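Asker: The opening position of the sequence shown corresponds to residue 4 in the numbering used here, with each subsequent residue numbered one higher. All C-beta atoms, glycine included, are put in the ideal place defined by N, C-alpha and C. The structure presented is a predicted model; accordingly, all values stated were derived computationally and were not measured.
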Amino acid sequence: MRVIGIDPGLRNLGWGVIDVVGSRLTHVANGICRSEGADLASRLLSLHEQLTRVIAAHAPAMAAVEQTFVNKDGAGTLKLGQARGIAMLVPAQAGISVGEYAPNTVKKTVVGVGHADKTQVAHMVSIQLPGVRIEGPDAADALAIAICHAHHGGAGSLAQAVARAVG
């Protein structure tokens, strides 16, 4: 089962694709979509176009997106939410189911503690996906999200097994 993890961001949207066979995880690809444009609408369109190309190139069967947390800057939170909308829309347009995970759940799954920093997440991703060349912190987070989805029943759940058997 191929899974794409997406770490939404308005400037940098990280993505990571893994293959899941039983309990074995294999790195496929990872990268960062960097928004371009002078205004919010063009930046969102840029992210949509780039992520659409990633989905088309790697053909994931499942997607997982990190949930947005609310911070002190309300306007920043709203903009991040719009980027998260793109992260959920693109896989949905491709007919791919989308799972959502809180940042602490992703960190606890990959690192073992819910308040790990980005360096710890990247380190544990590289251990779980030997030989991976991570394109940056946002891509490392996206791979962690994909790993979390694999471990939390997204790629190996009974419902998925039945769907594969039925065909």
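CA-CA distance, K110 and A147?
Answerer: Their Cα atoms are separated by approximately 8 Å.
Asker: Roughly how many angstroms separate the alpha carbons of V113 and R5, rounded to a whole number?
Answerer: Roughly 18 Å separates the two Cα atoms.
Asker: Give the straight-line distance between the Cα atoms of E52 and K82, rounded to the nearest whole angstrom.
Answerer: Straight-line Cα distance between these residues: approximately 18 Å.
Asker: Using only alpha-carbon positions, find the residue among D120, V68, G79 that is nearest to A95.
Answerer: Checking every option, the nearest Cα to that of A95 belongs to V68.
Asker: Taking the C-alpha atoms as reference points, what is the distance between E103 and M65?
Answerer: Looking at the two C-alpha atoms, the distance is approximately 11 Å.
Asker: How is G115 classed by DSSP in three states: helix, strand or coil?
Answerer: Coil at G115, not helix or strand.
Asker: Can you grab the Cα-Cα spacing for the pair V93 / P63, in whole Å?
Answerer: The alpha-carbon atoms of V93 and P63 are separated by roughly 12 Å.
Asker: Helix, strand or coil for L132, going by three-state DSSP, please let me know.
Answerer: Coil.
Asker: For S129, which of I99, G19, R14, A60 has the nearest alpha-carbon?
Answerer: Comparing Cα positions, the closest option is G19.
Asker: What is the DSSP secondary structure of N107, reduced to helix, strand or coil?
Answerer: Helix at N107.
Asker: For T71, I'd like the list of residues in its chain whose CB is within less than 8 Å of its CB, leaving aside the five on either flank, ordered along the chain.
Answerer: Around T71: P11, T80, L83, G84, R87.
Asker: CA-CA distance, H30 and D141?
Answerer: When rounded, the distance between both Cα atoms is 16 Å.
Asker: Could you tell me which uninterrupted alpha helix (DSSP H) segments, each at least 4 residues in length, are contained entirely in the segment 4-70, listed from first to last along the chain?
Answerer: Entirely contained in the segment 4-70, the alpha helix (DSSP H) runs reaching 4 residues are, in chain order, 43-61.
Asker: For H139, name the three-state secondary structure that DSSP assigns.
Answerer: Note on residue identity: the sequence assigns Gly, not His, to residue 139. G139 falls in the coil class under three-state DSSP.
Asker: Taking just the CA atoms, how far does V23 sit from T122?
Answerer: Going from the Cα of T122 to the Cα of V23 covers about 24 Å.
Asker: Name the one or two DSSP bridge partners that G88 has.
Answerer: None; G88 has no bridge partner.
Asker: Looking at the structure shown, is G102 part of a helix, part of a strand, or coil, going by DSSP?
Answerer: Strand, per DSSP.
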